[in-house]
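Visitor:
Number of protein chains: 2
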Amino acid sequence: MASEAAADEASDTYSEFIDKVQRLSNVKQAGMVLAWDQEVMMPEGGTPARSKQRSALSTVAHELLTSDEMADLLDELEAEDLDDDQQAVVREIRRQHDRAAKVPQDLVEEISEVSSEAMPVWHEAKEDDDFSKFAPTLEKLVELKREYAEHIDPDRDPYEVLFEEYEPYLGIEKAEEVLQRLRDELVPLIDAIRESDADLATDTFEGDFDVDTQEDLTRDVLDTLGYDWDHGRLDTAPHPFSSGNQFDARVTTRFSPDEPLGALMATVHEFGHATYTLGLPREDYGTPLGESRDMTVHESQSRLWENHVGRSKPFWERFLPKVQDRFPEKVGDASVSDIYEAANEVYEDNLIRVEADELTYHMHIVVRFEIERDLIRGEIDVEDVPELWNDKYEEYLGIRPDSDAEGALQDIHWSHGDFGYFPTYSLGSVLAAQLFDTAEDDIENLDEKIADGEFDDLHDWLTENVHQHGSRYTTDELVRQATGEEYTADYFLDYVKSKYGDLYELDDYQ
Amino acid sequence: MASEAAADEASDTYSEFIDKVQRLSNVKQAGMVLAWDQEVMMPEGGTPARSKQRSALSTVAHELLTSDEMADLLDELEAEDLDDDQQAVVREIRRQHDRAAKVPQDLVEEISEVSSEAMPVWHEAKEDDDFSKFAPTLEKLVELKREYAEHIDPDRDPYEVLFEEYEPYLGIEKAEEVLQRLRDELVPLIDAIRESDADLATDTFEGDFDVDTQEDLTRDVLDTLGYDWDHGRLDTAPHPFSSGNQFDARVTTRFSPDEPLGALMATVHEFGHATYTLGLPREDYGTPLGESRDMTVHESQSRLWENHVGRSKPFWERFLPKVQDRFPEKVGDASVSDIYEAANEVYEDNLIRVEADELTYHMHIVVRFEIERDLIRGEIDVEDVPELWNDKYEEYLGIRPDSDAEGALQDIHWSHGDFGYFPTYSLGSVLAAQLFDTAEDDIENLDEKIADGEFDDLHDWLTENVHQHGSRYTTDELVRQATGEEYTADYFLDYVKSKYGDLYELDDYQ
Chain A
0 MASEAAADEA SDTYSEFIDK VQRLSNVKQA GMVLAWDQEV MMPEGGTPAR SKQRSALSTV
60 AHELLTSDEM ADLLDELEAE DLDDDQQAVV REIRRQHDRA AKVPQDLVEE ISEVSSEAMP
120 VWHEAKEDDD FSKFAPTLEK LVELKREYAE HIDPDRDPYE VLFEEYEPYL GIEKAEEVLQ
180 RLRDELVPLI DAIRESDADL ATDTFEGDFD VDTQEDLTRD VLDTLGYDWD HGRLDTAPHP
240 FSSGNQFDAR VTTRFSPDEP LGALMATVHE FGHATYTLGL PREDYGTPLG ESRDMTVHES
300 QSRLWENHVG RSKPFWERFL PKVQDRFPEK VGDASVSDIY EAANEVYEDN LIRVEADELT
360 YHMHIVVRFE IERDLIRGEI DVEDVPELWN DKYEEYLGIR PDSDAEGALQ DIHWSHGDFG
420 YFPTYSLGSV LAAQLFDTAE DDIENLDEKI ADGEFDDLHD WLTENVHQHG SRYTTDELVR
480 QATGEEYTAD YFLDYVKSKY GDLYELDDYQ
Chain B
0 MASEAAADEA SDTYSEFIDK VQRLSNVKQA GMVLAWDQEV MMPEGGTPAR SKQRSALSTV
60 AHELLTSDEM ADLLDELEAE DLDDDQQAVV REIRRQHDRA AKVPQDLVEE ISEVSSEAMP
120 VWHEAKEDDD FSKFAPTLEK LVELKREYAE HIDPDRDPYE VLFEEYEPYL GIEKAEEVLQ
180 RLRDELVPLI DAIRESDADL ATDTFEGDFD VDTQEDLTRD VLDTLGYDWD HGRLDTAPHP
240 FSSGNQFDAR VTTRFSPDEP LGALMATVHE FGHATYTLGL PREDYGTPLG ESRDMTVHES
300 QSRLWENHVG RSKPFWERFL PKVQDRFPEK VGDASVSDIY EAANEVYEDN LIRVEADELT
360 YHMHIVVRFE IERDLIRGEI DVEDVPELWN DKYEEYLGIR PDSDAEGALQ DIHWSHGDFG
420 YFPTYSLGSV LAAQLFDTAE DDIENLDEKI ADGEFDDLHD WLTENVHQHG SRYTTDELVR
480 QATGEEYTAD YFLDYVKSKY GDLYELDDYQ
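As they're listed, the protein sequences go chains A and B.
In terms of numbering that gives the first Met the number 0, the first sequence is residues 0 to 509.
In terms of numbering that gives the first Met the number 0, the second sequence is residues 0 to 509.
1) Starting from the C-beta of F491 of chain A, find all residues in its chain whose C-beta is less than 6 Å away, skip the five residues before and the five after it, and write them out in chain order.
2) Nearest chain B C-beta to T65 of chain A closer than 8 Å, yes or no?
3) Does the beta-carbon distance from Q213 of chain A to A273 of chain A come in below 8 Å?
4) Closest to A39 of chain B by C-alpha separation, out of B:Q104, B:F240, B:K139, B:A55, would be which residue?
5) Any beta carbon from chain A within less than 8 Å of M0 of chain B's own beta carbon?
6) If you measure between the beta carbons of N343 of chain A and R376 of chain A, is that distance less than 8 Å?
7) Taking CB distances under 8 Å as the criterion, tell me whether F246 of chain B reaches chain A.
8) Taking the continuous alpha helix (DSSP H) assigned at D215 of chain A, which residues delimit it?
9) Q52 of chain B to N25 of chain A, Cα distance in whole Å?
10) As an exercise, report each continuous alpha helix (DSSP H) stretch of at least 4 residues that is fully enclosed by the stretch 277–324 of chain A, in chain order.
11) Which word fits S520 of chain A, buried or exposed, when buried means at least 16 other C-beta atoms lie within 10 angstroms of its C-beta?
12) Tell me whether S334 of chain B sits in a helix, a strand or coil according to DSSP, three-state version.
13) May I ask which residues mark the beginning and end of the alpha helix (DSSP H) holding T359 of chain A?
14) Under the three-state reduction of DSSP, which class applies to R249 of chain A: helix, strand or coil?
15) Can you give me the start and stop residues for the beta strand (DSSP E) that D234 of chain B sits inside?
16) Three or more C-beta pairs closer than 8 Å, one from the stretch 9–25 of chain B and one from the stretch 226–237 of chain A: is that the case here?
17) My parser needs the alpha helix (DSSP H) runs of 4 or more residues fully inside the stretch 419–505 of chain B; what are they?
18) Tell me the rounded alpha-carbon separation between V296 of chain A and Y13 of chain A.
19) Whether or not the stretch 92–101 of chain A and the stretch 384–398 of chain A are in contact is what I'm after, with contact meaning three or more pairs of Cβ atoms, one per stretch, closer than 8 Å; do they touch?
20) Compare the C-beta of V59 of chain A with all C-beta atoms of chain B and state if any pair is closer than 8 Å.
21) Of the residues A:D11, A:M31, A:E378, A:D74, which one's Cα is nearest the Cα of D156 of chain A?
22) How about S402 of chain B and H361 of chain B: do their beta carbons lie closer than 8 Å?
23) Could one say the Cβ of K19 of chain A lies closer than 8 Å to chain C's Cβ atoms, at least one of them?
24) Quick one: what's S241 of chain A bridged to in DSSP?
25) Need the endpoints of the alpha helix (DSSP H) that S66 of chain A sits in, please.
26) Out of curiosity, what's the CA-to-CA distance linking A197 of chain B and E357 of chain B?
27) Within the same chain, show all residues whose beta-carbon is closer than 6 Å to that of D128 of chain B, passing over the 5 residues directly before and after it, in chain order.
28) Quick one: measure Cβ to Cβ for F326 of chain A and L260 of chain A, integer angstroms, because I've assumed they're closer than 8 Å.
29) Excluding the 5 residues flanking N244 of chain A on each side, which residues of the same chain have their C-beta closer than 7 Å to its C-beta?
30) Answer with yes or no whether the minimum CB distance from W228 of chain A to chain B is below 8 Å.
31) Taking the Cβ atom as the reference point for each residue, do P47 of chain A and F246 of chain B lie within a distance shorter than 8 Å?
32) Use the C-beta contact count for I189 of chain B: other C-beta atoms within 10 angstroms, 16 or more gives buried, fewer gives exposed.
33) Considering just the uninterrupted stretch of the alpha helix (DSSP H) at V160 of chain A, what are its terminal residues?
34) Figure out for me which residue from A:A450, A:E369, A:H412 has the closest Cα to the Cα of I171 of chain A.
35) Looking at the secondary structure, which residues open and close the alpha helix (DSSP H) in which V186 of chain B lies?
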């Protein structure tokens, strides 16, 4: 009897805890709706009120997460005998609570204010192509984020602490090892491609492509890929993104007449994010069990669909006719090889990350990673960034920016104070390859199914092995369970070497 | 020195109070964004998550409003020497706080649950044309709302207490007096119209009107009326509504091929609401000084634009050419009189409130008001409602519903537990006439300006006399200041008697 009473008590405590967790989650979700609306629907004049609304929701969420009641409940529950699911929820909320509670609210607000002010400063510096205008602000943000990390853990590398905001479980050592390997192995591959005489059909998509027709095509592609319109929608936004929950996961894209392939691939990328979100268990909405794992896993889903599906030959076997239907005069004569080559061209002289191809993209990330890591660790000074940036571009990509606007000022992230975020883009791509390789082993004739427009098996595999688990497992454990191996860059490197070795007829890589 | 210190202290207390008030307001505003999105943008499958998000924001808002800290701050501030603006803010928050704090949270949640469940029950009962299916639910809602009123004030008429949720300052006695006068004076007018031989050009808008062209026309009309697209947008929704704040006030409408005039007038109505919202002082966003007065005043703004502007001859002098441009084959030959008559037809046998004309509309309201008042007061039983409803329609409108679906089940409001809301529709129309009459006195040649598409003076007058004050003054005081008189039905009755007397050539009314 005593033990049953104890169990009831545990269950009462747990259910009080879950109420608070769900409220927190719903307030955050509300904030995401406000953010989506601001990007997609809000008239421009709405900004002053919207900023205050979003800030109020952030404050409410912060107070819910860091309240004494939440702290007490976590303490009590950690002393209880919980089942695995309950333990996972407590683990995730404990981590979020500790990070949030350790940082003084004043500092959080100061970072938020300095970032808000940093945005226009960064924008102007970029317009004027003058890094020195942004330098004092960047200096301040680096200091504040170092201070932020110190509150969370004064005994650890501050960059590690910041990185864990976006990828809490893989570990900075693993991340560094993977990024180092990408650098070591991709730089020679990129060099070899630059020296290749292969003649790819890179002009397949030249000309003006009507944007309404592009949108019609995009909706058709999303249909075939299995996007669930009862739980999603497609809109346009200045920067493609996805947002939502398992009941309502929306994607945005942008269309431009001269970039039909870019728009389509960007949409397939966002579709991958949305598909992850829609695969989260509905019955666990509002707790970590019904919330996605962090950036690495999320990005693995978008990259898997964008690169391993969307840039593959089987994909184009299915979709070339749809493109030709819409644009008969432009691509009526194109072959699957033509379109495959166009979709996988490695650009010779692109300096801009967001316009990069699948391969060189990672060198853009490695540059940013190395610089921001050393900045936060205090090993380099802000004033040295532009020169270092250009040197690294020359070393890793064989091209040197001749302006700050196309160099260290090109990305907005640092003006948000987002240090530690960039690496997850590459870590996600690496994971995408590892997951896709396993899926290919598990699903019979996956290539043929893709060519036939049958995506159910791939959806099922991803749902079973990734989506349905929400944040139940840590990232490393999730990878182990899904692939039977530790997280590794092997599959990604094999994939790009083989793919680009074939495309560019590289003897050393085929 | 002592008094300065005291003033500082008051000011610290006040600024702590204002922080909480603004947070509360922003959380409510966030809830409105979620509601707008749900009606206009959300994929249908998003409902389960959205309900939880909105419920979480309601709970957060309720806790912010009823917290001990808020109670203490109100107590302290009421003992301080505040200026007029500060006193107004304290008065409004005190009223909201007291109402919210007196009702147990359990009861609020029960009402919310029963209303949620009531919606589909009402819907099914209406589909099946069977009031008895809805009766037990209505009975329950009446009981719960009576209980709700009793918590707020056990010594007053419960209907009065509920009515004050929507119109807190005019007083139920004044409301009853006005509605009684409408009944007494409009029933004979409606009778006279029914007996009139006047032949109005009511077929001016017959046929199918392309909805895209209707939308183009509607946007043009909103442009000319002065809608600020930098702070607003137009979308379609199943039921037209407006929503937002002084930075972002949106309108929705619905288009149907056979109802071009209905869509346009509905949009002008919502434009009136949005114009009020956009006229609220921006610097007071987030406090009652920057929030609209209640339903009566809000509805006065929509009705003023819809009826006194949109259904007037000068309006059609300006806009008929725009309609003719879009639909030359349908209305190319129509005169201003034709279109004016079509816009002001009094329907002979319309049983449905939302399809009613400007005049008979108020009899629909009086029926609902009398029935819900007597229900809440316990003077009639739920089972008697359908018969009573039909009797009153026969008495006031000369037509008798032969089904519950077209009778007591037509409106959704009672299934929401919204008792006390209906009267504000008529009270707002009455105020619209009083305000418009004053504006006509104050603005030189207002009719000519409307005919010329010059609306600045009217906007300025409304902003100066109504919008800019937010909730600074109570409703009665606002009316007194704007019109120099007490709130009265005189102007409305004069207006409709003269307008319909002319239209229907009624000797006794010209």
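Note that beta-carbon positions come from the ideal geometry of N, C-alpha and C, so glycine has one too.
Guide: According to the structure data:
1) Here residue 491 of chain A refers to the residue found at position 492 when the first sequence is read from its first residue. Here the set comprises V429, A432.
2) Residue numbering aside, residue 65 of chain A sits at position 66 when the first sequence is read from its first letter. Not closer than 8 Å to any Cβ of chain B, the Cβ of T65 of chain A fails to qualify, so no.
3) Residue numbering aside, residue 213 of chain A sits at position 214 when the first sequence is read from its first letter. Residue numbering aside, residue 273 of chain A sits at position 274 when the first sequence is read from its first letter. The answer is no: Cβ separation not under 8 Å.
4) Along the second sequence, read from residue 1 onward, the residue named residue 39 of chain B stands at position 40. Before going on, a small fix: residue 39 of chain B reads as Val here, not Ala. Residue B:F240 is the option with its Cα nearest to V39 of chain B.
5) Counting from 1 along the second sequence, the entry for residue 0 of chain B is found at position 1. The predicted position of M0 of chain B is uncertain, since its pLDDT is 43 and thus under 50; a value taken from the coordinates is nonetheless stated next. No, M0 of chain B does not count as interfacial toward chain A.
6) As a working mapping, residue 343 of chain A is identified with position 344 in the first sequence. As a working mapping, residue 376 of chain A is identified with position 377 in the first sequence. Their beta carbons are not under 8 Å apart, which means N343 of chain A does not touch R376 of chain A by this criterion.
7) Along the second sequence, one-based indexing puts residue 246 of chain B at 247. Interface residue, yes.
8) In the first sequence, the residue the question calls residue 215 of chain A occupies position 216. Element bounds for D215 of chain A: 210–224.
9) Here the question's residue 52 of chain B lines up with position 53 in the second sequence. Here the question's residue 25 of chain A lines up with position 26 in the first sequence. Cα to Cα, Q52 of chain B sits roughly 5 Å from N25 of chain A.
10) 294–302
11) The structure shown has nothing for residue 520 of chain A, since chain A only spans 0 to 509.
12) As a first step, residue 334 of chain B is located in the second sequence; it is residue number 335 there, counting from the start. In the three-state reduction of the DSSP assignment, S334 of chain B falls in the coil class, being assigned neither a helical nor a strand state.
13) If you number the first sequence from 1, residue 359 of chain A lands on position 360. Unbroken run through T359 of chain A: none, as it is neither H nor E.
14) Here the question's residue 249 of chain A lines up with position 250 in the first sequence. Here R249 of chain A sits in strand by DSSP.
15) Here residue 234 of chain B refers to the residue found at position 235 when the second sequence is read from its first residue. Run containing D234 of chain B: 233–235, per the beta strand (DSSP E) assignment.
16) no
17) 422–441, 445–450, 455–464, 474–482, 489–502
18) As a working note, residue 296 of chain A is residue 297 in the first sequence. As a working note, residue 13 of chain A is residue 14 in the first sequence. Straight-line Cα distance between these residues: approximately 28 Å.
19) no
20) Locating residue 59 of chain A in the first sequence gives position 60, where the first residue counts as 1. By this cut-off, V59 of chain A is an interface position.
21) Start at 1 with the first residue of the first sequence, and residue 156 of chain A comes out as number 157. Closest by alpha carbon: A:E378.
22) Residue numbering aside, residue 402 of chain B sits at position 403 when the second sequence is read from its first letter. Residue numbering aside, residue 361 of chain B sits at position 362 when the second sequence is read from its first letter. Cβ distance not < 8 Å, so S402 of chain B and H361 of chain B don't count as in contact.
23) Among the chains of the structure shown, chain C does not appear; the protein chains present are A and B.
24) The residue given as residue 241 of chain A occupies position 242 in the first sequence. Under the DSSP definition of a beta bridge, S241 of chain A partners with A:V250.
25) As a working mapping, residue 66 of chain A is identified with position 67 in the first sequence. From DSSP, S66 of chain A is part of no alpha helix (DSSP H); its letter is neither H nor E.
26) Taking the second sequence and counting its residues from 1, one reaches residue 197 of chain B at position 198. Taking the second sequence and counting its residues from 1, one reaches residue 357 of chain B at position 358. Answer to the nearest angstrom: the Cα atoms are 18 Å apart.
27) By 1-based counting over the second sequence, the position of residue 128 of chain B is 129. Closer than 6 Å at the Cβ level, and outside the excluded window around D128 of chain B, lie S402, D403, A404.
28) Position 327 of the first sequence, counted from the first residue, corresponds to residue 326 of chain A. Position 261 of the first sequence, counted from the first residue, corresponds to residue 260 of chain A. Not quite, the Cβ-Cβ distance comes to about 11 Å (not below 8 Å), so this is no contact.
29) Within the first sequence, numbered from 1, the residue matching residue 244 of chain A stands at position 245. So the list reads Q28, T276, Y284, once near-sequence residues are dropped.
30) Position 229 of the first sequence holds residue 228 of chain A. By this cut-off, W228 of chain A is an interface position.
31) Position 48 of the first sequence, counted from the start, is the residue given in the question as residue 47 of chain A. Position 247 of the second sequence, counted from the start, is the residue given in the question as residue 246 of chain B. A contact, by the Cβ cut-off of 8 Å.
32) Position 190 of the second sequence holds residue 189 of chain B. Per the 10 Å Cβ criterion, buried.
33) Numbered from its first residue, the first sequence carries residue 160 of chain A at position 161. Looking at the DSSP string, the run of the alpha helix (DSSP H) that includes V160 of chain A is 157–162.
34) Start at 1 with the first residue of the first sequence, and residue 171 of chain A comes out as number 172. Measuring from the Cα of I171 of chain A, the nearest candidate turns out to be A:E369.
35) For the purposes of this step, residue 186 of chain B is taken as the residue at position 187 of the second sequence. Note, V186 of chain B: alpha helix (DSSP H), 171–194.
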